[in-house]
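Below is one structure; the comments refer to it alone.
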Amino acid sequence: MLDKVYKPQDYEDQIYQKWQDSSAFVPSDDQSKGVFSIPMPPPNATGVLHIGHCLMLAIQDSLVRYNRMQGKSTLWIPGTDHAGLATNAVIEKQLAEQGTNKYELGREAFVKRTKEFVENSRGTINEQIKLMGASCDWSRERYTFDPAMNQIVSRVFVKMYHDGLIYRGHRIVNWDPNLMTNVSDDEVEHILEKANLYYFKFGPFVISTARPETKFGDKYIVVHPDDPRYQDYQHRQELEVEWIFGKTKITVIKDSAIDMEFGTGAMTITPWHDALDFEIAVRHDLDKEQVIDFDGKMLGIAGECQGMTILEARERVVEILDHKGLLVKVDPNYQHSIAINSRNKGIIEPQIRLQWFVDVNRKAIDWKGQKQSLKEVMQVVIRDHSIEIIPEYFDKTYFAWIDNLKDWCISRQIWWGHQIPVWYREGQIYVDTVPPKDDDKGQWEQDPDTLDTWFSSGLWSWSTLIDQELGADSNLSLDQLLEMSSDYQKYHPVSLLETGYDIIFFWVARMILMTTYSTGQIPFKKVYLHGLVRTKSGKKMSKSDPSTIIDPLEVVPEYGADALRLAMLVGLSPGSDSKIYLEKIAKHRNFCNKLWNVARYLESLPADKKQDASIRSSHDYYIVQRLNQLMVEVNAGFESYNLSVVGQSLESFLWDDFADWYIEASKVEANPTLARAILLEYLKLLHPLAPFITEVIWLELGGQGLLISANWPKTWPSHASSQVVDFGRIRALVEEVRSINAELENSEVYIDFGDSDLASVGLLVRSLAGVSDQRPDQPVVLKSVTSNLDLLLGLNQAKYLDQKLKAKLAREEKAKKSLETRLENESYLDKAPAEKIVETKQDLAKTKLNIDRLTAQIGQLAEL
RNA sequence: GGGUGAUUAGCUCAGUUGGCUAGAGCAUCUCGUUUACACCGAGGAGGUCAGAGGUUCGAGUCCUCUAUCACCCACCA
Numbered sequence: 011m012l013d014k015v016y017k018p019q020d021y022e023d024q025i026y027q028k029w030q031d032s033s034a035f036v037p038s039d040d041q042s043k044g045v046f047s048i049p050m051p052p053p054n055a056t057g058v059l060h061i062g063h064c065l066m067l068a069i070q071d072s073l074v075r076y077n078r079m080q081g082k083s084t085l086w087i088p089g090t091d092h093a094g095l096a097t098n099a100v101i102e103k104q105l106a107e108q109g110t111n112k113y114e115l116g117r118e119a120f121v122k123r124t125k126e127f128v129e130n131s132r133g134t135i136n137e138q139i140k141l142m143g144a145s146c147d148w149s150r151e152r153y154t155f156d157p158a159m160n161q162i163v164s165r166v167f168v169k170m171y172h173d174g175l176i177y178r179g180h181r182i183v184n185w186d187p188n189l190m191t192n193v194s195d196d197e198v199e200h201i202l203e204k205a206n207l208y209y210f211k212f213g214p215f216v217i218s219t220a221r222p223e224t225k226f227g228d229k230y231i232v233v234h235p236d237d238p239r240y241q242d243y244q245h246r247q248e249l250e251v252e253w254i255f256g257k258t259k260i261t262v263i264k265d266s267a268i269d270m271e272f273g274t275g276a277m278t279i280t281p282w283h284d285a286l287d288f289e290i291a292v293r294h295d296l297d298k299e300q301v302i303d304f305d306g307k308m309l310g311i312a313g314e315c316q317g318m319t320i321l322e323a324r325e326r327v328v329e330i331l332d333h334k335g336l337l338v339k340v341d342p343n344y345q346h347s348i349a350i351n352s353r354n355k356g357i358i359e360p361q362i363r364l365q366w367f368v369d370v371n372r373k374a375i376d377w378k379g380q381k382q383s384l385k386e387v388m389q390v391v392i393r394d395h396s397i398e399i400i401p402e403y404f405d406k407t408y409f410a411w412i413d414n415l416k417d418w419c420i421s422r423q424i425w426w427g428h429q430i431p432v433w434y435r436e437g438q439i440y441v442d443t444v445p446p447k448d449d450d451k452g453q454w455e456q457d458p459d460t461l462d463t464w465f466s467s468g469l470w471s472w473s474t475l476i477d478q479e480l481g482a483d484s485n486l487s488l489d490q491l492l493e494m495s496s497d498y499q500k501y502h503p504v505s506l507l508e509t510g511y512d513i514i515f516f517w518v519a520r521m522i523l524m525t526t527y528s529t530g531q532i533p534f535k536k537v538y539l540h541g542l543v544r545t546k547s548g549k550k551m552s553k554s555d556p557s558t559i560i561d562p563l564e565v566v567p568e569y570g571a572d573a574l575r576l577a578m579l580v581g582l583s584p585g586s587d588s589k590i591y592l593e594k595i596a597k598h599r600n601f602c603n604k605l606w607n608v609a610r611y612l613e614s615l616p617a618d619k620k621q622d623a624s625i626r627s628s629h630d631y632y633i634v635q636r637l638n639q640l641m642v643e644v645n646a647g648f649e650s651y652n653l654s655v656v657g658q659s660l661e662s663f664l665w666d667d668f669a670d671w672y673i674e675a676s677k678v679e680a681n682p683t684l685a686r687a688i689l690l691e692y693l694k695l696l697h698p699l700a701p702f703i704t705e706v707i708w709l710e711l712g713g714q715g716l717l718i719s720a721n722w723p724k725t726w727p728s729h730a731s732s733q734v735v736d737f738g739r740i741r742a743l744v745e746e747v748r749s750i751n752a753e754l755e756n757s758e759v760y761i762d763f764g765d766s767d768l769a770s771v772g773l774l775v776r777s778l779a780g781v782s783d784q785r786p787d788q789p790v791v792l793k794s795v796t797s798n799l800d801l802l803l804g805l806n807q808a809k810y811l812d813q814k815l816k817a818k819l820a821r822e823e824k825a826k827k828s829l830e831t832r833l834e835n836e837s838y839l840d841k842a843p844a845e846k847i848v849e850t851k852q853d854l855a856k857t858k859l860n861i862d863r864l865t866a867q868i869g870q871l872a873e874l
């Protein structure tokens with residue numbers, strides 16, 4: 011016997027265990043009904059479950075369960091990411107707290123320590139993923155730092171290198187002096203800040219800058235070639251000017267990258283520390299000098315400022331120049347965008363460094379018989395709909411990003427990651443998945459840099475499908491690996507990638523890039539993008555404001571994973587942000603409890619003597635029809651990835667149709683066998699969204715096997731019978747009478763069925779409507795608006811109405827007028843489809859009938 | 001500076017290919033605890049669908065512009 015209130019924490023763990031024990035998460039070998047495969051976006055190995063994960067898990071698990079119940083061979087691979095930058099930062103912070111640093115520790119010890127740290131906390135997130143009910147195949151769990159993954163990453167690097175797609179060069183990069191590494195353009199955020207804009211005299215010019223501290227080595231003045239103010243100066247003309255440390259020889263450079271409108275239209279450049287300056291310097295083959303060291307301190311070029319921080323040096327330079335009378339003015343209200351590392355919010359200091367890059371423009375990929383660049387392949391697979399993005403409007407964002415895409419800097423100066431498989435010896439370079447064999451004397455030195463996390467993540471759709479033992483074998487080529495891995499053969503390209511729109515560039519685009527290149531296949535057929543989860547007021551949940559955070563680890567035990575899942579899914583639309591808050595979760599918890607009690611009630615019913623699930627009554631027929639309709643809606647919702655519609659339809663069926671009407675009607679005329687059968691069928695439909703409670707009830711009511719492995723239901727045969735009264739009529743009459751009763755004090759409407767066919771369901775109507783079976787002595791007679799029969803009220807209750815009926819009448823009159831206008835319109839009769847016109851006429855007739863009855867009612871009452 | 005999305009009841013949202021007399025839940029108001037459920041049931045009130053034009057027999061839905069909000073992208077010193 012079930013408890014009165016559903017207590018999720020009593021069931022969820024054991025249900026999850028049952029699923030796992032039954033191997034339900036492992037894909038079936040039978041592929042006759044198709045294949046569905048999806049990789050889980052790997053959370054950080056050291057992470058903790060947050061609400062964003064829950065959204066992702068709710069969506070993916072629902073789709074996975076739906077497809078599995080369809081009979082498809084369904085594979086959902088879980089995994090975790092080594093999260094290079096993030097983990098690296100955690101360990102460095104730990105070291106700092108212990109008064110040491112990674113250099114003292116040494117690379118080997120640092121990596122070992124990090125590995126141990128990750129091992130210790132890796133299990134946590136997996137256990138938390140299980141709390142949400144994720145039905146992923148744990149036997150295939152992957153980690154981006156598995157030995158096989160390491161080998162695969164190296165293989166791809168080597169292949170790209172030999173295809174000329176990876177090169178090494180001095181470029182200006184986004185250097186983070188705090189983490190002592192560079193980061194990619196996509197990892198940089200720009201924030202607006204108010205800063206001083208200084209104007210300095212520079213010989214005959216006036217320059218403006220927000221960064222005086224970079225100006226020590228300035229020896230070029232750049233103006234626009236068309237600028238009339240500077241037409242007297244020639245390109246490459248040399249001058250001598252007074253500057254920070256005395257007389258300096260400078261060269262005039264004319265370049266059209268200069269904005270004549272800005273400031274004085276003249277600027278000095280610092281190619282080592284600014285991307286635009288770097289470009290100009292490259293164009294004109296100018297000298298580039300480093301001013302700021304990689305740790306953010308000033309270098310020797312800064313003279314007396316050497317060793318100062320940027321801010322100290324800035325102040326000092328302004329002082330010096332002011333003292334010399336070269337400071338013209340200061341604009342304190344300058345809006346200036348500064349670059350910060352999106353991960354740790356540290357300020358980015360552009361630097362020139364020797365780095366590894368992926369060339370996105372070199373036509374080196376064979377794609378459908380043509381030599382294409384990575385950029386072109388990335389475009390073509392979306393344009394020819396090989397890959398479909400949901401929602402579609404993200405196509406535009408994607409294309410815009412590719413149009414502006416520059417070579418991808420893939421080397422990082424952190425130690426926790428996939429080390430670049432390149433070795434150097436006396437000017438020689440060796441690129442392979444394994445170290446050089448002739449390194450007996452240890453002369454070869456491996457490149458110290460590691461790869462951008464997204465380089466390995468970009469392989470995720472297929473690297474997860476590679477046989478782990480084969481993958482770790484460095485003797486096999488990439489092609490052999492793919493051929494010999496049966497999961498890859500069966501499940502790639504994966505059916506779907508489900509992830510957040512915030513990583514469309516980082517991950518989705520990089521996966522397309524890396525996978526098309528390395529396998530010759532698209533990585534996935536569809537991409538479903540979800541949005542951010544926000545607070546009720548629409549703000550981002552932030553760690554700095556804990557009150558705004560919904561913590562799944564607190565919510566799940568109290569409200570249940572199902573309630574949280576439903577709350578996340580209902581109201582969700584692809585590509586849009588969604589809001590989550592406790593009231594919403596509680597609403598769906600209430601729904602779960604409703605379902606629970608429906609089940610409890612059906613369980614308590616005495617067994618049906620007839621023991622068959624045949625359709626007998628009006629409500630039987632009605633509920634079967636509604637169930638069939640529900641199946642159509644649910645299927646359509648799943649197929650169009652509209653899980654919100656699925657959830658809404660399912661909840662309203664159970665609450666409105668099944669509980670409020672069908673079960674209430676069954677209290678008059680029961681059909682327990684049918685009721686149970688309907689509920690079992692319903693549980694299947696709801697299972698993908700709310701797996702736990704449906705499984706619990708399924709087992710309690712004696713469903714066959716485990717619900718997770720049940721077959722998806724098909725519509726029932728339901729023959730319309732002329733014998734039964736249409737339940738819609740019953741419902742309308744009941745609602746009318748209830749409404750009258752509610753309006754009157756102590757009202758008890760008596761229904762005179764006369765010779766109406768509704769007499770056959772009189773008991774049902776009276777019971778549902780809660781009316782009297784006592785005919786009043788001196789009744790006031792009201793014609794029912796919804797049926798052709800009399801409603802009798804006691805005389806003392808006849809003060810009823812009139813407002814009520816008159817309001818109703820007004821509404822009907824309005825409708826009548828609108829319908830009539832439409833039918834009088836010749837253009838309408840001319841152009842509207844015939845069935846629409848018939849419909850309008852029927853509506854008008856019905857409206858007129860209602861008006862007649864209402865008028866009669868009002869008349870009858872007026873007489874009293 | 002360029003781009004994308006949003007704007008429907010106090011709140012959160014539905015509203016398919018134009019057919020609407022615009023729906024649901026929460027909150028609110030009235031009534032109700034006879035053994036599935038108060039995490040409940042019944043009934044009611046609440047909206048000129050952001051604004052202005054246009055297309056159409058007909059616009060919440062399609063088009064144009066405007067306003068507000070959100071987000072993304074960009075090398076203005």
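Counting from 1, position 579 in the first sequence corresponds to residue 589 in the numbering used here; the numbering is continuous, with no gaps.
No residue lacks a Cβ here, since even glycine has one placed at the ideal position from N, Cα and C.
Next item on the list: Express the C-alpha separation of ASP442 and ASP284 in angstroms, rounding to a whole number.
Entry: For this step, residue 284 is matched to residue 274 along the first sequence. For this step, residue 442 is matched to residue 432 along the first sequence. Each residue's Cα considered, the two are about 34 Å apart.
Check: Nearest to VAL7 by CA position, among THR529, TYR153, LEU115, ILE201, is which residue?
Finding: Here the chain comprises residues numbered 11 to 874, so residue 7 is not present and cannot be evaluated.
Next item on the list: Just the C-alpha distance for ALA825 and VAL791, rounded to the nearest angstrom, thanks.
Entry: Walking along the first sequence from the start, residue 825 turns up at place 815. Walking along the first sequence from the start, residue 791 turns up at place 781. Rounded to whole angstroms, ALA825 to VAL791 spans 26 Å at the Cα level.
Checklist line | According to DSSP, residues forming a beta bridge with LYS793 | finding: For the purposes of this step, residue 793 is taken as the residue at position 783 of the first sequence. Paired residues: ASP800.
Note to self: Tell me the residue span of the alpha helix (DSSP H) that contains THR463.
What the structure shows: In the first sequence, the residue the question calls residue 463 occupies position 453. First-last of the alpha helix (DSSP H) with THR463: 463-467.
Check: Whose C-alpha, out of GLN870, VAL216, ASP800, is nearest the C-alpha of LEU331?
Finding: On the first sequence, residue 331 is found 321 positions in, with the first residue counted as 1. That would be VAL216, whose Cα lies nearest to the Cα of LEU331.
Next item on the list: Could you have a look at GLU830 and say whether DSSP puts it in helix, strand or coil?
Entry: The sequence position of residue 830 within the first sequence is 820, counting from 1. Residue state, collapsed to three classes: helix.
Notebook entry, point to check: What is the rounded straight-line gap between the Cα of THR655 and the Cα of LYS793?
Noted result: Translated into positions along the first sequence, residue 655 becomes position 645. Translated into positions along the first sequence, residue 793 becomes position 783. It is Val, not Thr, that sits at residue 655 in the sequence shown. Taking the straight line joining both Cα atoms gives about 39 Å.
Item checked: Per-residue DSSP class, three states only, for MET66 -> As a working note, residue 66 is residue 56 in the first sequence. MET66 falls in the helix class under three-state DSSP.
Next item on the list: Put CYS602 into one of helix, strand or coil per three-state DSSP.
Entry: In the first sequence, residue 602 corresponds to position 592, counting from 1. Helix at CYS602.
Next item on the list: Name, in chain order, the residues that DSSP records as bridge partners for ASP91.
Entry: Sequence index remark: in the first sequence, residue 91 carries index 81 (1-based). For ASP91, which the question treats as bridged, DSSP gives the partners ASN54.
Checklist line | C-beta contact flag for THR84 and PHE46 at 7 Å | finding: Residue 84 sits at position 74 when you count from the first residue of the first sequence. Residue 46 sits at position 36 when you count from the first residue of the first sequence. Yes, the Cβ-Cβ distance between THR84 and PHE46 is below 7 Å.
Item checked: Among ASN798, ILE48, TYR344, GLY452, the one whose alpha carbon lies nearest that of ASN206 -> Here residue 206 is taken as the residue at index 196 of the first sequence, counted from 1. ASN206 has its Cα closest to that of TYR344, out of ASN798, ILE48, TYR344, GLY452.
Checklist line | Where CYS315 falls: helix, strand or coil (DSSP) | finding: As a first step, residue 315 is located in the first sequence; it is residue number 305 there, counting from the start. Three-state result, CYS315: helix.
Next item on the list: Could you check what DSSP says for SER149 in three-state terms: helix, strand or coil?
Entry: Reading the first sequence from its first residue, position 139 is the one you call residue 149. In the structure shown, SER149 sits in a helix (DSSP, three-state: H, G or I).
Next item on the list: Could you tell me how far apart the beta carbons of ALA720 and LYS694 are, in whole angstroms, since I believe they sit closer than 8 Å?
Entry: If you number the first sequence from 1, residue 720 lands on position 710. If you number the first sequence from 1, residue 694 lands on position 684. 5 Å between Cβ atoms; contact.
Next item on the list: Please check the pair ASN188 and ALA349, which I expect to be a contact at CB under 8 Å, by giving their CB distance rounded to whole angstroms.
Entry: For the purposes of this step, residue 188 is taken as the residue at position 178 of the first sequence. For the purposes of this step, residue 349 is taken as the residue at position 339 of the first sequence. With 8 Å as the limit, ASN188 and ALA349 do not qualify as a contact, their Cβ atoms being about 13 Å apart.
Note to self: For PHE409, tell me which candidate among GLN423, SER421, ILE424, ILE392 has the shortest Cα-Cα distance.
What the structure shows: In the first sequence, residue 409 corresponds to position 399, counting from 1. Comparing Cα-Cα distances from PHE409 to each of GLN423, SER421, ILE424, ILE392, the minimum goes to ILE392.
Checklist line | Per DSSP, cross-strand counterpart(s) of LEU539 | finding: Locating residue 539 in the first sequence gives position 529, where the first residue counts as 1. Beta-bridge pairing links LEU539 to THR509.
Notebook entry, point to check: With 16 as the cutoff for other CB atoms within 10 Å, does GLU102 come out buried or exposed?
Noted result: Counting from 1 along the first sequence, the entry for residue 102 is found at position 92. It counts as buried.
Checklist line | Beta-carbon proximity of ILE397 to ILE532, cut-off 7 Å | finding: On the first sequence, residue 397 is found 387 positions in, with the first residue counted as 1. On the first sequence, residue 532 is found 522 positions in, with the first residue counted as 1. Cβ distance < 7 Å, so ILE397 and ILE532 count as in contact.
Note to self: With the cut-off set at 7 Å, would you say SER347 and HIS200 are in Cβ contact?
What the structure shows: By one-based count along the first sequence, residue 347 stands at place 337. By one-based count along the first sequence, residue 200 stands at place 190. Yes; because the gap between Cβ atoms is below 7 Å, this pair is in contact.
Checklist line | Own chain, CB closer than 6 Å to HIS629, minus 5 neighbours either side, in chain order | finding: In the first sequence, the residue the question calls residue 629 occupies position 619. TYR672, ALA675, PHE737, listed in sequence order.
Checklist line | Proximity of ILE362 and ILE176 at Cβ, strictly below 7 Å | finding: Start at 1 with the first residue of the first sequence, and residue 362 comes out as number 352. Start at 1 with the first residue of the first sequence, and residue 176 comes out as number 166. No, the Cβ-Cβ distance between ILE362 and ILE176 is not below 7 Å.
Notebook entry, point to check: For TRP472, does the three-state DSSP call read helix, strand or coil?
Noted result: Position 462 of the first sequence, counted from the first residue, corresponds to residue 472. Residue state, collapsed to three classes: helix.
Notebook entry, point to check: Among the residues of its own chain, which have a CB less than 6 Å from the CB of MET494, if the five just before and after it don't count?
Noted result: As a position in the first sequence, residue 494 is number 484, starting the count at 1. Only LEU480 meet the Cβ criterion.
Checklist line | Other residues of its chain near ALA779: CB distance less than 6 Å, five sequence neighbours each side excluded | finding: To locate residue 779, count along the first sequence from 1; it is residue 769. The answer, listed in chain order, is VAL744, VAL747, ARG748.
Item checked: Buried versus exposed, by CB contacts within 10 Å (16 or more), ARG863 -> Mapped onto the first sequence, residue 863 falls at position 853. Buried is the call here.
Check: Identify the residues that DSSP records as bridge partners of ARG363: which are they?
Finding: Along the first sequence, one-based indexing puts residue 363 at 353. According to DSSP, which records beta bridges pairwise, ARG363 is partnered with ARG181.
Note to self: So, for GLY44: in the same chain, excluding its five sequence neighbours on each side, which residues have a beta-carbon less than 6 Å away from its beta-carbon?
What the structure shows: Working through the first sequence from its first residue, we reach residue 44 at position 34. So the qualifying residues of the chain are LYS82.
Notebook entry, point to check: ILE25 and GLU705 look like a contact to me (Cβ under 8 Å); what is the Cβ gap, rounded to whole Å?
Noted result: Within the first sequence, the letter at position 15 stands for residue 25. Within the first sequence, the letter at position 695 stands for residue 705. So it is a contact: roughly 5 Å between Cβ atoms.
Checklist line | Alpha-carbon to alpha-carbon, LEU773 and ASP783 | finding: Taking the first residue of the first sequence as 1, we reach residue 783 at position 773. Taking the first residue of the first sequence as 1, we reach residue 773 at position 763. Rounded to the nearest angstrom, the two C-alpha atoms are 9 Å apart.
Notebook entry, point to check: Does DSSP put PHE409 in a helix, a strand or coil?
Noted result: As a working mapping, residue 409 is identified with position 399 in the first sequence. Correct three-state label for PHE409: helix.
Note to self: DSSP three-state label for ASN354, please.
What the structure shows: Taking the first residue of the first sequence as position 1, residue 354 is located at position 344. It is coil, neither helix nor strand.
Margin query: Cutting at 8 Å between CB atoms, please list the residues of its own chain near ARG544, excluding the five before and the five after it.
Written below: For the purposes of this step, residue 544 is identified with residue 534 of the first sequence, where counting begins at 1. LYS550, MET551, ASP587, SER588, LYS589, ILE590, listed in sequence order.
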